[in-house]
Amino acid sequence: MRSLLVLAVLVASAAAISGGNKIQLNDLKLVKERPEWLLTCEKSNPDLNECLRQSFNHMIPALARGIPELGVNKFEPLFVDKIGLQKGNGGVIINGAFRDMNVHGPSNATANYVRLDFNKKVYQLGVNIPTIRVDANYIIEGQILLLPLVGEGAARLNLRNVTCSATCDIDFPEKDGQKVMWFKNIHVDFSVGEMRIHLNNLFNGNKVLGRTVNQFLNKNSVEVIGELREELGRALGEVFLPILQKAFGQIPTRFWLKE
């Protein structure tokens, strides 16, 4: 069940920014000045990746407040309209969604590493979030490791030690005569150190069955997340990619990378 969690948290953070829209470079407008929250690193610096990591961490408070010039909504708290979850085979068969999600904690994220390989044109980012709390409404129907799962109501998710890693293919095209970093695709993986979930009103309010299922989900979270890892990684990538495109596609590289 950590998988449902991670979906509600990591995808939540992304969805709040991107709104699920595909981003085209031609539709973006370049910022004219370097934002005060953006540090500049020298390309020749042998510790460039460490500088980029520090730059990412430096901009997190701005993300928490929101960055209007980039169309980025505030991170704390995060509101997400809807996140769907579907899987039709294996030990987990699910069709459902979380709605009206309020996410607390993403603004406490810390970059563990940033790696930028200019020759291979690959960008890698690793992030840790100590704790995340999600309050939402849910609707779900399916089967978890042979246990039926049906319900609709309020949900509370609590996560600890959430880590997310992203590997991206990039390019450096020119826009309006200035070079930008463009993200072509992304592969996302994640892990959760600890998770607790409570789904109200399972089985039309049957408290005995509901308590049993919630206990089962929390006890077997490792197995469940293993079943959903591939699907969730793909879903996270689909949400994170437009965010990276939107941010870096509007900031000339000269503002954050000195040649």
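The sequence shown maps to residues -16 to -1, 1 to 243 in mature numbering (1 follows the signal peptide of the UniProt record, and there is no 0).
The beta-carbon is built from N, C-alpha and C at its ideal position, and this holds for glycine as well.
{"query": "Continuous beta strand (DSSP E) stretch holding residue 108: start and end", "result": "106 to 128"}
{"query": "Residue from 108, 120, 202 with nearest C-alpha to residue 169", "result": "108"}
{"query": "Where residue 201 sits in the DSSP three-state scheme", "result": "helix"}
{"query": "Euclidean distance between Cα positions of residue 115 and residue 86", "result": "14 Å"}
{"query": "Which listed residue (166, 92, 80, 165) has its alpha carbon closest to that of residue 144", "result": "92"}
{"query": "Check: residue 158 C-beta below 7 Å from any heavy atom of the ligand SAH", "result": "In the structure shown, the ligand SAH is absent, as is every other ligand, since no ligand is present at all."}
{"query": "Extent of the continuous beta strand (DSSP E) run through residue 142", "result": "131 to 155"}
{"query": "Coil, strand or helix - residue 95 by DSSP", "result": "strand"}
{"query": "Residue of 201, 9, 11 minimising C-alpha distance to residue 130", "result": "201"}
{"query": "N- and C-terminal bounds of the beta strand (DSSP E) containing residue 43", "result": "Note, residue 43: premise wrong, no beta strand (DSSP E); alpha helix (DSSP H) at 32 to 49."}
{"query": "Straight-line Cα distance separating residue 52 from residue 88", "result": "20 Å"}
{"query": "Residue from 102, 119, 81, 63 whose Cα sits closest to the Cα of residue 139", "result": "119"}
{"query": "Residue(s) in a DSSP beta bridge with residue 167", "result": "154"}
{"query": "Contact the region 16 to 28 vs the region 189 to 200: 3+ CB pairs below 8 Å", "result": "no"}
{"query": "Beta-carbon proximity check, residue 124 vs residue 133, cutoff 8 Å", "result": "yes"}
{"query": "Residue from 35, 230, 178, 15 whose Cα sits closest to the Cα of residue 96", "result": "35"}
{"query": "Own chain, CB closer than 6 Å to residue 182, minus 5 neighbours either side, in chain order", "result": "140, 198"}
{"query": "Supposed close pair residue 48, residue 40 - CB separation, criterion 8 Å", "result": "That pair is no contact at about 13 Å."}
{"query": "Distance, residue 57 Cα to residue 235 Cα", "result": "17 Å"}
{"query": "Span separating the alpha-carbon of residue 67 from that of residue 84", "result": "9 Å"}
{"query": "Straight-line Cα distance separating residue 225 from residue 117", "result": "24 Å"}
{"query": "Exposed unless 16 or more other CB atoms sit within 10 angstroms - verdict on residue 106", "result": "exposed"}
{"query": "Secondary structure of residue 29, DSSP reduced to three states", "result": "coil"}
{"query": "Buried/exposed call for residue 177, threshold 16 Cβ in 10 Å", "result": "exposed"}
{"query": "C-alpha distance - residue 28 paired with residue 221, whole-angstrom precision", "result": "30 Å"}
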